[in-house]
Amino acid sequence: MSYKAKFKVWRGEGGEGKLEDFTVEVNEGEVVLDIIHRLQATQAPDLAVRWNCKAGKCGSCSMEINGKPRLGCMTRMSTFSEDETITVTPMRTFPVIKDLVTDVSYNYQKAREVPSFTPPADVRPGEYRMKQVDVERSQEFRKCIECFMCNNVCHVIRDHEENKANFSGPRFLMRIAELDMHPYDVADRQEAAQSEHGLGYCNITKCCTEVCPEHIKITDNALIPMKERVVDRKYDPLVWLGDKIFRRAKS
Amino acid sequence: MTQTTPEAPVRRQRAQVKVRTLRTDRWWLAPLLTFLGLSSFLVYGVWAIIDNSYFVDPYIAPFASPCLSSSCVEGARLFGWAPIGDWYTLPPGLLILGLPGGFRLTCYYYRKSYYRSFWLSPPACAVQEPHGKYTGERRFPLILQNIHRYFFYAAILIGLVLAYDAVLALVHKPLGLGTWILVINAVLINTYTLSCHSCRHITAGRLNHFSRHPLRYRAWTFVSKLNAKHQQLAWASMFSVMIADFYVRMVAKGIIAFPFA
Amino acid sequence: MEIERHEYDVVVIGAGGAGLRAAIEARQQGKRTAIVCKSLFGKAHTVMAEGGAAAAMGNVNPDDNWMVHFRDTMRGGKFLNNWRMAELHAKEAPDRVWELEAWGALFDRTKDGKISQRNFGGHEYPRLAHVGDRTGLELIRTLQQRVVALQQEDYENHGDYEAYIKVFAECTVTRLLKDGERISGAFGYWRETGNLVLFDTPAVVLATGGIGKSYVVTSNSWEYTGDGHALALLAGAKLINMEFIQFHPTGMVWPPSVRGILVTESVRGDGGVLRNSEGKRFMFDYIPDVFKDKYATSEEEGDRWYTDQANNRRPPELLPRDEVARAINAEVKAGRGSPQGGVFLDVSTRLPAEEIKKRLPSMHHQFKELADVDITAEPMQVGPTCHYVMGGVEVDADTGAADVPGLFAAGEVSGGMHGSNRLGGNSLSDLLVFGRRAGAGAAAYVDGLPARPKVSPEAVESAREEALAPLGRSGENPYEVHHELQRTMNELVGIIRKADEVAEALQTVEKLKERVRLVGAGGTRIYNPGWHLALDLRNMVLVSECVARAALLREESRGGHTRDDFPGMSPEWRRKLLVCSSEDGSSVQVVEKEQPPMRDDLITLFDRDELKKYLTDEEMAEFDGIAKKS
Chain R
1 MSYKAKFKVW RGEGGEGKLE DFTVEVNEGE VVLDIIHRLQ ATQAPDLAVR
51 WNCKAGKCGS CSMEINGKPR LGCMTRMSTF SEDETITVTP MRTFPVIKDL
101 VTDVSYNYQK AREVPSFTPP ADVRPGEYRM KQVDVERSQE FRKCIECFMC
151 NNVCHVIRDH EENKANFSGP RFLMRIAELD MHPYDVADRQ EAAQSEHGLG
201 YCNITKCCTE VCPEHIKITD NALIPMKERV VDRKYDPLVW LGDKIFRRAK
251 S
Chain G
1 MTQTTPEAPV RRQRAQVKVR TLRTDRWWLA PLLTFLGLSS FLVYGVWAII
51 DNSYFVDPYI APFASPCLSS SCVEGARLFG WAPIGDWYTL PPGLLILGLP
101 GGFRLTCYYY RKSYYRSFWL SPPACAVQEP HGKYTGERRF PLILQNIHRY
151 FFYAAILIGL VLAYDAVLAL VHKPLGLGTW ILVINAVLIN TYTLSCHSCR
201 HITAGRLNHF SRHPLRYRAW TFVSKLNAKH QQLAWASMFS VMIADFYVRM
251 VAKGIIAFPF A
Chain H
1 MEIERHEYDV VVIGAGGAGL RAAIEARQQG KRTAIVCKSL FGKAHTVMAE
51 GGAAAAMGNV NPDDNWMVHF RDTMRGGKFL NNWRMAELHA KEAPDRVWEL
101 EAWGALFDRT KDGKISQRNF GGHEYPRLAH VGDRTGLELI RTLQQRVVAL
151 QQEDYENHGD YEAYIKVFAE CTVTRLLKDG ERISGAFGYW RETGNLVLFD
201 TPAVVLATGG IGKSYVVTSN SWEYTGDGHA LALLAGAKLI NMEFIQFHPT
251 GMVWPPSVRG ILVTESVRGD GGVLRNSEGK RFMFDYIPDV FKDKYATSEE
301 EGDRWYTDQA NNRRPPELLP RDEVARAINA EVKAGRGSPQ GGVFLDVSTR
351 LPAEEIKKRL PSMHHQFKEL ADVDITAEPM QVGPTCHYVM GGVEVDADTG
401 AADVPGLFAA GEVSGGMHGS NRLGGNSLSD LLVFGRRAGA GAAAYVDGLP
451 ARPKVSPEAV ESAREEALAP LGRSGENPYE VHHELQRTMN ELVGIIRKAD
501 EVAEALQTVE KLKERVRLVG AGGTRIYNPG WHLALDLRNM VLVSECVARA
551 ALLREESRGG HTRDDFPGMS PEWRRKLLVC SSEDGSSVQV VEKEQPPMRD
601 DLITLFDRDE LKKYLTDEEM AEFDGIAKKS
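Chains as they are written, first to last, in full-length UniProt numbering: chain R, 1 to 251; chain G, 1 to 261; chain H, 1 to 630.
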């Protein structure tokens, strides 16, 4: 039931480092994170890895396994063949601190730049009335466990460090969509989605959706609908004309 | 406040991994197949435009429908009209192909597929793209992708015409193989059109209170179901329109000729 | 080595539900607040809570109110609860949940647009506000986003996001510092860099969660090393009820790598049943006398309850957690367990596949991805797992203040609220209610201080030496010591306890203490997990000793404490709390303390017949006197 697997793990501090080879025992039913832990306990006590719940709920153990962004705790060893060498590297888009641990502060900065939920001033706690169908879209986005793998895989910043300043990444564009679709949110978010958070950088190549461990349809349900909302606002001459006439009629 | 997190300059670096990707699967296969598929469609389209045998009663090749100029064969004209008139002498397909073509060109799914397979931006997930700079759909020309919804309106009309063509064929030659090919094509083209992201937005996606618009919400739910299959419908309808178009031309040329053709 | 220094009014240790709620409150009261947490911001163990937050809003059943909730909580805790806490909790929970909604939380809805509430073990009415089965995530995200909202407000006003509230993520506190009797600071290290850090603060709120990592089979993450419990002990505060540890009845038992991970109680609430290897629904054999009239006695009645709750009693699968855990334990011991040593939890034959996916999406996902088991097609194998510690820092119910001036605690690290057993759903509401109270308590304490306590350089120096010590030693591998502690606690002070076994555990713990002093960690200070574990071991061993000593003293079985040699519940013991303290941090003492009697207006909320099961004759006589008066 158990066998020796070949692993290559990226080890190093602050960018400098290399792939190190390990041979390590694997038992039935284990996941990649278990193997990393076994390495810690038996061969490399200072091997750095972030983890927490080990049940795919907290989004801490994001790493790249055979080049693909994955949660270490959700990648079963049975998905690999026994003679395969498994390569484990830190997320590529973020600066590395040590081994598999990266500095994900980019994400927290971007989170801060999205204006918070803004309810109407006259609704008091306990008075909210929302229908289930009206909250379901935003609820899907709130399943996000903030593993930041969507931001990691997105080529806009993965391959172009310089875009980081102007692009919030799928995670936070989705957060904007979540708030924009919230039945009680009154803030205007569409203009800023394009001008400040870089929605226009997205070329909907869907890698964010592919890697999402929560299977959130980020592209189809958040980014594209948000793009369409931006079109309403900025690029649709008919809507623009309609608004003009409507507003004139009102005033 | 005394300070923030200490920032050693060395921490600002990514892990130095020299290769474009560490993926070990055949990640290049999907973009390659997409490239071949879309290319074949383009090549076929060019040929179909210059090919003149687009009509054989009661079939009209989808690439040439609606046929709007007086250079069109009598039976091929939409409701017998020829609104464009005599001056137009180029192949009739050229007049209208821009509409379904533009619809597909700006379609959210096709964008994904050709950005990946033609422009390699990125070729596959977690595979480095070969470009030094990337600006996305923020400026000309790609900012024009935002007019997708107008192509959607046009595509609805074209879809209706194709459906009308299929009904005509059904009336005149219910047992023809071509009829059924046109019917299937019309169904696929129209479902593809309805499954469009813009359509989803227009039905109710733009609203924040579904519960106040039950009818629009139902339409949205329906379109959302189709939308989940947008990619499959895009390919299915692309091949069906090619097959249907090719079949009609082959019958028109007499290359395919059997009683129920 | 330079030590980084920060000055704050309130330092909150822990960024789970309680910590964030406390920090939000302190900041809203104008205090400069730091949140220090071992993980990244938003990763705290609260995300694991699945079922919901219990609050008597009465949205689904209008008969529900705080008094019913209070009764359920006391009943669940076997009347050992700090009744004032249970009262405040039941009264304030609805406001705390509604407040979340105003901060952006999106709970599942009822038909008329209110927050939907679901059934849960031990709760008389549907009471748990929830979002599918990921309520904890919703709660933590909402609080996290509330912190961000406050930071944005500060940015508007002061041009600095972190002017009034700052998160120190991946930072561990190893010592609380005192100026005389009062708290004056907290000392710790950055996990990322290994740099040392000192917080100069008059008030510390502990919100560090539980102690599960002292056990092998646990649903808790690595963070749950009892840091807050130990910090409080070392600072001179007291812990109560440490013998009461909740074993969640249904943890995954297969595959080994996910052993311990929870299967939410909602599976049972939504129709899942427990069967042994003979296919029998064994829970009907385990309904204790105190619950006889509240639970169905036949499968037919139990099944009818899912659709008609007004006219049927609930199935025994929904008994309080300790009862279910003990029943499963007994079945497995009797040889009627599943192949991997659990029992079967089956929902696949009870609900259509689509319905299961809709109601239990993250359970379906968890089993599919982690264990390759499709819960819509086959039963799950489950067994008890160490889940929650009822015991913790003894605090004042209204303010969360501990014995030590300037020290506050909220959430799992505090003790008393849940008595001997916590009801499912009561922890999320506990976090909110007492997180807020501790934050407010700390703010008020700071306001009332005549002068800021000072940090002494000697205390800092000894904390520094202690923190760096494992790095300088080439001693034993900390992982080995940790495993031995986990094995000891799991086997000897686990779900069923015996005097001789617990005594043996205490001997082992004594030896482990020695070994902990000698563990060494190789490598540098940068993100070095071996070093981190070596430091956490001190806390785990200290807390384990408290648990074992208290477990040895309490000669009865109640809630999360089951003594094989004293199987019954004793009304005499109900009046006693076991209080744990430490003189110098090298060992702990446990002494008895009398539980204050319940306030008259609260005790009269109960039926005489029910009280009879818990109270002594003497107490019953007092009750009769009160009842006559009113």
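Note that the Cβ used here is the ideal one computed from N, Cα and C, for glycine as well. As the structure is a prediction and not an experimental result, all values here were calculated from the model.
Close partners of residue 254 of chain H in chain R (Cβ separation under 9 Å): 29.
In this structure, the beta-carbon distance from residue 385 of chain H to residue 248 of chain H falls below 7 Å. Taking a cut-off of 8 Å for Cβ pairs, the segment 149–157 of chain H and the segment 285–292 of chain H do not touch, as fewer than three such pairs fall below it. Secondary structure remark: continuous alpha helix (DSSP H) runs of at least 4 residues inside the segment 264–351 of chain H, in chain order: 266–269, 299–305 and 321–333. Counting other Cβ atoms within 10 Å of its Cβ, residue 22 of chain G reaches 16 or more and is therefore classed as buried. When DSSP reads this structure, residue 107 of chain H sits in no beta bridge, so it has no partner. The beta-bridge partner set that DSSP reports for residue 561 of chain H consists of H/558. Rounded to whole angstroms, the gap between the alpha carbons of residue 119 of chain H and residue 266 of chain H is 8 Å. Annotation note: the segment 190–256 of chain H contains the following uninterrupted alpha helix (DSSP H) runs of length 4 or greater, listed N- to C-terminal: 227–234.
Per DSSP, residue 234 of chain R lies in no beta strand (DSSP E) segment and is marked neither H nor E. DSSP places residue 5 of chain H inside the beta strand (DSSP E), whose first and last residues are 4–7. Here residue 260 of chain G is exposed: its Cβ has fewer than 16 other Cβ atoms, across all protein chains shown, within 10 Å. Residue-level contact check: residue 509 of chain H does not touch chain R, since none of the beta carbons of chain R fall below 7 Å from its beta carbon. Within the same chain, Cβ atoms closer than 7 Å to the Cβ of residue 381 of chain H are found at 253, 254, 338, 340, 342 and 344, the five residues on either side in sequence being excluded. DSSP places residue 65 of chain R within a strand segment (E or B) once states are collapsed to three. Here residue 136 of chain G is near residue 201 of chain R, since their CB atoms are less than 7 Å apart.
Interface annotation for the segment 153–187 of chain R against chain H: empty, criterion Cβ-Cβ distance under 7 Å. Straight-line spacing of the CA atoms in residue 107 of chain H and residue 146 of chain R works out to 19 Å.
Here residue 78 of chain R is not bridged, per DSSP, to any residue. A Cβ-Cβ distance of about 17 Å is found for the pair residue 17 of chain H and residue 211 of chain H, leaving them out of contact under the 8 Å criterion. CA-to-CA, the gap between residue 226 of chain R and residue 400 of chain H works out to about 45 Å. The CB of residue 526 of chain H comes closer than 8 Å to the CB of 13, 48, 97 and 98 in chain R, given here in chain order. Going by beta carbons, residue 216 of chain H and residue 486 of chain H fall inside the 7 Å limit. Residue 205 of chain R has a beta carbon lying within less than 7 Å of a beta carbon in chain G. At a cut-off of 7 Å between beta-carbon atoms, residue 216 of chain R makes no contact with chain G. Going by DSSP, residue 439 of chain H is part of the alpha helix (DSSP H) stretching over 426–447.
With a beta-carbon spacing of about 7 Å, residue 121 of chain G and residue 155 of chain R fall inside the 8 Å limit used to define contacts. By the neighbour-count criterion, in which a residue is buried when 16 or more other Cβ atoms sit within 10 angstroms of its Cβ, residue 4 of chain R is exposed. Residues of the segment 138–154 of chain R whose Cβ lies closer than 9 Å to any Cβ of chain H, in chain order: 138, 139, 142, 143, 144, 145 and 146. Residue contact check for residue 126 of chain R against chain H: a CB pair falls below 7 Å. The count of Cβ pairs closer than 8 Å, one atom from the segment 90–107 of chain H and one from the segment 64–79 of chain H, reaches three, so the stretches are in contact.
With contacts defined as CB atoms closer than 7 Å, residue 167 of chain R and residue 126 of chain R fail to qualify as a contacting pair. Straight-line spacing of the CA atoms in residue 608 of chain H and residue 459 of chain H works out to 54 Å. Neighbourhood of residue 224 of chain R in chain G, by CB distance below 7 Å: 108 and 197, in chain order.
Comparing C-alpha distances from residue 88 of chain R to each of R/48, R/105 and R/111 shows the shortest one belongs to R/48. Under the 10 Å beta carbon count, residue 250 of chain H is surrounded by 16 or more other beta carbons and is classified as buried.
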